[in-house]
Structures are given as structure tokens and as C-alpha cells.
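K.L.:
Residue numbers (the working numbering): 644 to 843.
All C-beta atoms, glycine included, are put in the ideal place defined by N, C-alpha and C.
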């Protein structure tokens, strides 16, 4: 069972949330050209998956972090700093070149959530980044369903189950407390909910 929950934690790692939300958008959006898709998905994948992995290897080699799950408050600071910078690069360099309004606000919400998690670290509170990511995508899915008037209730229901599975895995592995999971999820949901009025 422990191995199963480790796999769940890897599959739904926060590293994949930005590119996951991007792919999700293009799956739901009724209008999108191949040029716009490739112009967004590829650079976002490079900036939010490839580059963070390179930085992780560098930080691990110099002894600043020990695990990809960042168990301590001190270890979390550096990846969150890097994440904020990369999200800003996406907002200012990637999306404006292939402007997609919904994605712009999705990444604005992710940046807000990441900054909030970083602030909480300075307050000595370890937020669950896994649940923060799951909450962000879940709220984005619901908003896209309303925005494009598409019935994706089954997909939303499955993702809610997956969110519960991720929360269970974090508890089972004793990585987070219930409060840390709940706060992380609420930060993710609320960061997307607050900006809905600008695009929905």
C-alpha cells in the first residue's frame, strides 16, 4: 500500500500542475489551433517541468534539498522561489505571444497560490503543495465547464476522487497533517475563485 501511495504522490506531483492545466484547457476549449497549442504547451512544459527538475538536481547536489517531496520548511523555500519566477516568465513571455485569456488567469491564480504558500513558510506553516495544485485544477475545470457550457461532470467527479486519493496518500505517508492538507486545498481553490470575475 505504501508503494501505491508513493506512486500517487509522484503522478500528481505539483510539478505537473501547470502543464496539466494547460492541456486540460485545450481539451475542453472548443476553439484552439495547433499553432496556439504548441506555442503554449511546449514552452510551459519546459519552464515548469524540465527547468525545475534541473534546479532540483543542482539544489540536491549542493545539499540544500534532500527529497523531491521537500519535507522540511527550509527545503521548500528555494523551489517556491524558483516556481514564482518561472510562473512570472510564463505570464510575461509565453502567454502574451500566444494569448489565451483563460490560461493567463489560470497562471495568475497559480502564482497567487504559490506566493501564499511561500508567505506561510515564513510563518512556519507547511502547506500541502500537492493539494494546492489539485484544488487549483479542480476549480479551473469547474470554471471552464461553465465558461464553455460543456458538461464535464464525469471528469470533475473523477478528479474529486483523485484529489481525495492524493490527500489520503499524504496522510498515509505522514507527510502532512489534516490542517496542512485543508489549507493547501483552500489556497488552490480560492486563488482560482478570486480571479473568476475577470474572465468567466
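1. Quick one: using the 10 Å Cβ neighbour count with 16 as the cut-off for buried, is residue 678 buried or exposed?
2. Would you call the region 687–703 and the region 781–798 in contact, with 3 or more CB pairs under 8 Å?
3. The alpha helix (DSSP H) spanning residue 841 covers which residue range?
4. Between the region 772–787 and the region 824–838, are three or more C-beta pairs nearer than 8 Å?
5. With H, G and I counted as helix, E and B as strand and the rest as coil, what does DSSP make of residue 819?
6. Measuring CB to CB, does residue 668 end up less than 7 Å from residue 746?
7. Give every residue of the same chain whose Cβ lies closer than 6 Å to the Cβ of residue 769, excluding the five residues on either side of it in the sequence, and list them in chain order.
8. If you drop the 5 nearest sequence neighbours on each side, which residues of the same chain put their C-beta closer than 8 Å to that of residue 738?
9. Do residue 754 and residue 723 have their CB atoms nearer than 7 Å?
10. Please report the residue range of the alpha helix (DSSP H) in which residue 707 lies.
11. Rounded to a whole number of angstroms, what is the C-alpha to C-alpha distance between residue 839 and residue 813?
12. Out of curiosity, what's the CA-to-CA distance linking residue 647 and residue 654?
13. Thinking just about the alpha-carbon of each residue, which of 658, 652 and 663 is nearest to the one in residue 783?
14. In this structure, does DSSP put residue 720 in helix, strand or coil?
P.N.:
So, from the data block:
1. As a working mapping, residue 678 is identified with position 35 in the chain shown. Looking at its Cβ environment, which holds fewer than 16 other Cβ atoms inside 10 Å, residue 678 is exposed.
2. no
3. Reading the chain shown from its first residue, position 198 is the one you call residue 841. Run containing residue 841: none; DSSP gives neither H nor E here.
4. yes
5. Taking the first residue of the chain shown as 1, we reach residue 819 at position 176. In this structure, residue 819 counts as coil in the three-state DSSP scheme.
6. By one-based count along the chain shown, residue 668 stands at place 25. By one-based count along the chain shown, residue 746 stands at place 103. Yes.
7. Here residue 769 refers to the residue found at position 126 when the chain shown is read from its first residue. Contacts found: 716 and 823.
8. Sequence index remark: in the chain shown, residue 738 carries index 95 (1-based). Here the set comprises 683, 746, 747 and 750.
9. Position 111 of the chain shown, counted from the first residue, corresponds to residue 754. Position 80 of the chain shown, counted from the first residue, corresponds to residue 723. Their beta carbons are not under 7 Å apart, which means residue 754 does not touch residue 723 by this criterion.
10. The residue given as residue 707 occupies position 64 in the chain shown. No alpha helix (DSSP H) contains residue 707, which DSSP labels as neither H nor E.
11. As a position in the chain shown, residue 839 is number 196, starting the count at 1. As a position in the chain shown, residue 813 is number 170, starting the count at 1. The alpha-carbon atoms of residue 839 and residue 813 are separated by roughly 29 Å.
12. Within the chain shown, numbered from 1, the residue matching residue 647 stands at position 4. Within the chain shown, numbered from 1, the residue matching residue 654 stands at position 11. Looking at the two C-alpha atoms, the distance is approximately 11 Å.
13. For the purposes of this step, residue 783 is taken as residue 140 along the chain shown, with counting starting at 1. Nearest option by C-alpha distance: 663.
14. For this step, residue 720 is matched to residue 77 along the chain shown. Here residue 720 sits in helix by DSSP.
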